[in-house]
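Worksheet: the structure to be examined is printed underneath.
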Amino acid sequence: MIDRYSVTKESAGFFTRDGIRLDADIYRPESAGSFPVLLMRQPYGRSIASTVVYAHPSWYASHGYIVVIQDVRGRGTSTGDFTLFTNEIEDGFDTVEWVSTLPNSTGEVGMYGFSYQGMTQLYALSTAHPALKTLCPAMIAHDLYTDWAYENGAFHLQYNLAWAIQLATETARLQGDESAYQKLFLASRNLPLFDPIPARPKILQELAPDSFYHDWLNHPEPDEYWTKLSPKNLLENIDRPMLHIGGWFDPHLRGTLKLYGEMKTRSRYPQKLIIGPWTHLPWGRKVGEKDYGNEAISPIDRIQIEWFDYFLKGKESELLEKPSLSLFEMGANRWRYLDDFPTENRQIYYLSSDGLAGIREDDGRLREESGENSIEDTIVHDPWRPVPSIGGHSALPGGVFDRSSPDCRSDILTYTTEPLEKDLTLLGIPAVEIFCKADASSFDLCAILSEVHPDGRVYNISQGYIRVNSPESPLQIPLQATFITIPRAHRLRLSLSASCFPAHPVNAGTGQTPAESRSIDFSIITIAVFCQGDFPTKILLPLDYSR
1 MIDRYSVTKE
11 SAGFFTRDGI
21 RLDADIYRPE
31 SAGSFPVLLM
41 RQPYGRSIAS
51 TVVYAHPSWY
61 ASHGYIVVIQ
71 DVRGRGTSTG
81 DFTLFTNEIE
91 DGFDTVEWVS
101 TLPNSTGEVG
111 MYGFSYQGMT
121 QLYALSTAHP
131 ALKTLCPAMI
141 AHDLYTDWAY
151 ENGAFHLQYN
161 LAWAIQLATE
171 TARLQGDESA
181 YQKLFLASRN
191 LPLFDPIPAR
201 PKILQELAPD
211 SFYHDWLNHP
221 EPDEYWTKLS
231 PKNLLENIDR
241 PMLHIGGWFD
251 PHLRGTLKLY
261 GEMKTRSRYP
271 QKLIIGPWTH
281 LPWGRKVGEK
291 DYGNEAISPI
301 DRIQIEWFDY
311 FLKGKESELL
321 EKPSLSLFEM
331 GANRWRYLDD
341 FPTENRQIYY
351 LSSDGLAGIR
361 EDDGRLREES
371 GENSIEDTIV
381 HDPWRPVPSI
391 GGHSALPGGV
401 FDRSSPDCRS
411 DILTYTTEPL
421 EKDLTLLGIP
431 AVEIFCKADA
441 SSFDLCAILS
451 EVHPDGRVYN
461 ISQGYIRVNS
471 PESPLQIPLQ
481 ATFITIPRAH
491 RLRLSLSASC
501 FPAHPVNAGT
511 GQTPAESRSI
521 DFSIITIAVF
531 CQGDFPTKIL
541 LPLDYSR
């Protein structure tokens, strides 16, 4: 039996139903046999083939697959106009139809890819083409508004702007516009964050007036614009086996979890979820300033081959005998296999201080019981010097970084536990419940959960962000899902601030959206956070007792 094949490469294309030619590279095993097809549809030039996180397509082809890497409409050498996500449903169906009839194809198709390439899988699936048998969507949005463009009503400025400029730069290259290309390329290396309307840089208005970025800014609420292309509205009656892939520091983890949760609930096929300690890219052992060891090196390529072998070739697999969840436990630096997330066990810490939590890091405390006397801690948000975004899931670069320096700022309130008496394992979605008031019609809140080492180093674990336009107490801030073990003698810390720039735009305090807010109108915002007494602000931590 041949375990690995030599591989040949060819380029080919076909015409869609409306006459657009979509081009692809096709990698084939050198054999007269018939093989299933693995398809990836992406907008970055098909030669890249998502090798920033996956093995080269020739590696997949060597395992006995016809691998097709396609330029979506208007990208690479494919014709037509590129409009973000808009054509991927019909083009996805037409492409699956084409690849399923390639010479030496068995007629069965699987898809893989992350980010945009993950979304093209879901759009293709929405057409229910019978040849598309299984998917491996990684780092996707279930709802485009809540899982990609915005977080709790707050625009993802840094990620969205960087991506918009990247796509606009590629458009200029394809059009041969060297002047536009050079300007956009320079902007990609030094994001334009300080125009009169900071969230609406002039360079995109002038050189990319058709960019999706403008639409995303102009739709700050979850309206019909988002409904039309959100997978949650397209996949309601469609069912396929899926291997879901995410990262604890990926900005789209919410979407991965929601899609998995929906499919797990209603699917008659296996649904598996893998979450590593990764940012959006790369998927490796080093995540910011933390090294999670050899176990954190991505196993995804081998797992995907095993998945496709089972569903497209009928081979037996131990993968299907394992529990549904394969989760990397940070701190312990190992993979854990669980049937589901725990939902009942919660550890509650209440915020306590003498009113100096922004001045002295030894003043703010996290306690298991709330005190009787109400105390106010005050955040004074100065738009001239917003709190910088450092790591986490919403900043570039993402991951884990030492926060001991920013936590010394007076506009960050910090609350810290006593040293832990035993190891503490968190698994799930932490949440912060905040009682507060502000002197502005709109304000933002950022909550960051960190691990404090005995030597004073502070490393972020999880964070959440919210834009508040109609304050109601208490405010609920869900943080990013996590799985981590905090060792005995270490401490937990909650940091609260009113900005996280440039991950999110600075809130002007006027009630205007980021698309309208001019920097000259930005105002100082004072926020009082209530601790103890009748207003017990607290953090709720999900505990893992599954050991």
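With the first letter of the sequence shown counted as 1, position 546 gets the number 546 in full-length UniProt numbering; the numbers rise by one all the way through.
C-beta: ideal position from N, C-alpha, C; glycine also.
- If you compare the alpha carbons of G371, I486, I412 with that of P419, the shortest gap goes to I486.
- Measuring C-alpha to C-alpha distances from A32 to each of Y415, T8, S389, F249 identifies T8 as the nearest.
- For T526, the CB contacts under 6 angstroms within the same chain, skipping 5 residues up- and downstream, are V380, D439 in chain order.
- V52 counts as exposed, since fewer than 16 other C-beta atoms from the protein chains shown sit within 10 angstroms of its C-beta.
- In the DSSP annotation of this structure, the continuous segment of the alpha helix (DSSP H) that includes H214 starts and ends at 212–218.
- The beta carbon of Y459 sits closer than 8 angstroms to the beta carbons of E289, K290, V400, F401, D402, R403, S450, E451, H453 from its chain, once the five residues preceding and following it are set aside; these are given in chain order.
- The continuous beta strand (DSSP E) containing D444 extends over residues 443–452.
- Checking the DSSP bridge columns, you'll see L496 partnered with L413, A447.
- Within the DSSP secondary-structure output, T8 pairs in a beta bridge with R28.
- The three-state secondary structure of M111, taken from DSSP, is strand.
- The C-alpha of H214 is placed about 19 angstroms away from the C-alpha of Y181.
- Here G261 carries a helix assignment [DSSP, helix/strand/coil].
- The three-state reading of DSSP puts Q304 in helix, counting H, G and I together.
- The Cβ atoms of T416 and R334 do not sit closer than 8 angstroms to each other.
- Judged by their CB atoms, A138 and D147 are not nearer to each other than the 8 angstroms cut-off.
- If you draw a straight line from the Cα of S374 to the Cα of F530, it is about 7 angstroms long.
- In the three-state reduction of the DSSP assignment, W248 falls in the coil class, being assigned neither a helical nor a strand state.
- If you ignore the 5 residues before and after A447, its C-beta comes within less than 7 angstroms of the C-beta of V432, Q463, G464, I477, L479, L494, L496, all in its own chain and listed in chain order.
- With a threshold of 16 other beta carbon atoms within 10 Å, P103 falls short and is exposed.
- DSSP, reduced to helix, strand and coil, places I66 within a strand of the structure shown.
- Here C436 is buried, its C-beta having at least 16 other C-beta atoms within 10 Å.
- Under the criterion of beta carbons closer than 8 angstroms, M330 and P277 qualify as touching, at roughly 5 angstroms.
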